[in-house]
Amino acid sequence: MLTILVHRIPKFTQTVFTFETKFSNWINGSLIGILSLSDENSSLASCESVQFNIVPGSNYLPVAIDGTTGILKVIESDYETMKNNHTITFQVTVRNANTSLNISDDATVNIFNW
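Shown next, in the form of structure tokens:
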């Protein structure tokens with residue numbers, strides 16, 4: 014019997030994710046949105062065996078990404094720090110966590126203050 018291991022290729026459903034929120038209503042831990050994935054084997058990939066990251070080098074970010082689910086949450090709700098910002102933009106990456114191969118995809122996240 015021959016067993017072939019197939020590594021899922023994580024792929025974001027979009028190259029740019031856009032979320033609208035009111036910064037003055039932010040509370041630590043509040044949900045901002047979810048970065049969804051697709052792959053060649055299904056219409057929507059499960060998030061098992063992938064790792065989400067915010068690309069290093071991003072300026073101060075009041076948000077965090079759950080490394081296994083792709084959920085974006087507020088980690089800094091200080092409105093005085095945020096009130097002069099109208100947009101937060103940063104890069105994210107997702108990669109297959111179960112392989113040493115560098116299989117990944119990148120996207121941009123925009124969070125607009127309304």
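The numbers in the working numbering rise by one with no breaks, and the one at position 52 of the sequence shown is 65.
We treat Cβ as the ideally placed atom computed from N, Cα and C, and that holds for glycine.
Small disclaimer: the values here were computed from a predicted structure and weren't measured.
Could you tell me the boundaries of the beta strand (DSSP E) in which residue 144 lies?
Look at the range of the chain in this structure, 14 to 127, and you will see that residue 144 is not part of it.
In its own chain, which residues sit with a C-beta less than 7 Å from the C-beta of residue 67, not counting the 5 before and 5 after it?
74, 78, 103 and 105
Comparing C-alpha positions only, which one of 46, 117 and 70 sits nearest to residue 62?
117
Using DSSP bridges, identify the partner residues of residue 51.
Note: residue 51 sits in a beta bridge opposite 24.
DSSP state of residue 38, grouped into three classes?
helix
Can you grab the Cα-Cα spacing for the pair residue 85 / residue 124, in whole Å?
Taking the Cα positions, residue 85 is about 10 Å away from residue 124.
Out of curiosity, what's the CA-to-CA distance linking residue 33 and residue 99?
10 Å
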